[in-house]
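Reviewing the structure listed below.
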Amino acid sequence: MIDSRRLQVLSQVARHGSFNRAAAELRLTPSAVSQQISALERSLGTPVVRRSTRGVELTEAGLVLIDAAEAISAELLTAQREIDRLATARTERLTVATFTSGGQRLLPAALTRFTVAYPGVELTVIESEPEESLPLVRSGAAELALAYHFTGPPPITEGDRSGLVWTPIREDPMYIVMPADHPLAGSSSLGIGELGGERWVHGCVGQSDMMEHYAALAGVELRAACRGTDYQFAQSLVRAGVGISSIPEVALTTDPAGLVAVPMRPPGPCRYVGVVTPRRRPSALATALVRTLQEAVADLPPNPLTGR
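Those letters in the sequence shown? Residues 6 to 313, by this note's numbering.
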């Protein structure tokens, strides 16, 4: 039987990459931490860490144990919440993580329906990008996350060790947003190769890198006027005449004044929106919100900028 205390010590070593820092977190001596890891390795009959001048790294066996430790911790947290609810009949709570534009356009309609159906539930919403929100779901700090990925496979695949499940919600195609008086504003669609002479206002660092990749494949260079992290800010700059921008449909402004959105032709990035839940049995409230979110997204009114 694997000792749970030793799993906790291993988790801290993995988190900090150092026996000394793990010892400080656990309020133990480095020697005690080393002894716990050695005892764990003896019980398993295989090393779980590699010690080097650069710090401590997990072996393959160590990675398996960390996956198990995180899953156990999340399961215990979920069980504790359920026991507390049964024992005290206190207010039920649901924590949702979401990326910004999803929280602006997709989530509100779902939460409106959800709060009508479950009026006693106390909701907490955490704004975070997928690289932050997925670990929150994995650890049990959030019951589900509204997330996205760009062209390619989702961040979670069947059979991986993430302990998470990806449920697709909708495709989120890219649009070229430009001032209404731009010479290309009447185009039915645009390829990135036609836009090499433009100045660009980027609203997402990761997306700007992908746009530059596709531009290089098309033989053009993108000139950046702004590298921001907010799509609404980017569209404000476009409206002011600073440049043009590539914006996912979900992130398009609902104020069309002074702007035109033209569909981007492939090849180019596309964004995909989905819900991340734990592979372990999710709570009934999380399952209900996923279902409500799917229904609300299907019933969304068209965006005034695109008419769809």
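Ideal placement from N, C-alpha and C gives every residue a C-beta, glycine not left out. From a predicted model like this one, the values you see are computed outputs, not experimental measurements.
Opening and closing residue of the beta strand (DSSP E) in which residue i lies
| i | result |
| --- | --- |
| Leu195 | Unbroken run through Leu195: none, as it is neither H nor E. |
| Glu127 | 127-132 |
| His154 | 149-155 |
| Thr282 | 276-283 |
| Pro188 | Neither: Pro188 is in no beta strand (DSSP E) and is coded neither H nor E. |
| Pro268 | 264-268 |
| Arg228 | 228-232 |
| Ser250 | 250-253 |
| Arg286 | Segment: none, Arg286 is in no beta strand (DSSP E) and carries neither H nor E. |
| Arg204 | 204-207 |
Close Cβ partners of residue i (< 6 Å) along its chain, the five nearest in sequence each way excluded
| i | result |
| --- | --- |
| Ala220 | Ile197, Leu227 |
| Val130 | Val101 |
| Glu217 | Leu227 |
Where residue i falls, given that 16 or more other Cβ within 10 Å makes a residue buried
| i | result |
| --- | --- |
| Asp177 | buried |
| Glu148 | buried |
| Ser39 | buried |
| Gly273 | buried |
| Ala28 | buried |
| Leu222 | exposed |
| Arg59 | exposed |
| Val210 | exposed |
| Gly121 | Correcting the residue type first, residue 121 is Val in the shown sequence and not Gly. Val121 should be labelled exposed. |
| Ser250 | buried |
| Gln41 | buried |
| Gly50 | exposed |
| Gly248 | buried |
| Glu127 | exposed |
| Ala266 | buried |
| Ile161 | buried |
| Glu203 | buried |
Bounding residues of the alpha helix (DSSP H) (the contiguous stretch that carries residue i)
| i | result |
| --- | --- |
| Phe119 | 112-122 |
| Thr176 | According to the sequence shown, residue 176 is Glu rather than Thr. Unbroken run through Glu176 is the beta strand (DSSP E), 169-177; no alpha helix (DSSP H). |
| Ser16 | 9-21 |
| Gly211 | 210-222 |
| Ala27 | 24-31 |
| Ala256 | Segment: none, Ala256 is in no alpha helix (DSSP H) and carries neither H nor E. |
Whole-angstrom distance between residue j and residue i, CA atom to CA atom
| i | j | result |
| --- | --- | --- |
| Glu75 | Glu199 | 48 Å |
| Leu195 | Arg296 | 35 Å |
| Ala19 | Ala73 | 13 Å |
| Ala146 | Leu264 | 40 Å |
| Val142 | Thr282 | 7 Å |
| Leu15 | Arg55 | 12 Å |
| Gly107 | Gly22 | 34 Å |
| Glu97 | Val302 | 25 Å |
| Val255 | Arg110 | 7 Å |
| Phe238 | Leu257 | 11 Å |
| Val61 | Val243 | 48 Å |
| Thr34 | Leu70 | 22 Å |
| Ala115 | Gly157 | 27 Å |
| Arg270 | Ala185 | 19 Å |
| Pro253 | Ala66 | 41 Å |
| Gly246 | Arg86 | 51 Å |
| Ala289 | Pro113 | 20 Å |
Cβ shell of residue i (< 8 Å), same chain only, five flanking positions each side left out
| i | result |
| --- | --- |
| Phe104 | Glu132, Ser133, Glu134, Pro135, Ser138, Leu151, Ala152, Tyr153 |
| Arg285 | Ala76, Ala79, Glu80, Thr83, Gly168 |
| Asp235 | Thr105, Gly208 |
Contacts around residue i, its chain only, beta-carbon distance under 7 Å, and the 5 residues preceding and following it disregarded
| i | result |
| --- | --- |
| Pro309 | Thr259, Pro261 |
| Pro268 | Pro178, Tyr180, Ser194 |
| Trp205 | Leu227, Arg228, Ala229, Ala230, Gly248, Ile249, Ser250 |
| Arg232 | His207, Val210, Ser213 |
| Met215 | Phe155, Pro274 |
Within-8 Å CB hit, residue i to chain C
| i | result |
| --- | --- |
| Val69 | You won't find chain C in this structure, because it holds only one protein chain. |
Sequence ranges, alpha helix (DSSP H) only - wholly within the region 51-103, length at least 4: 65-93
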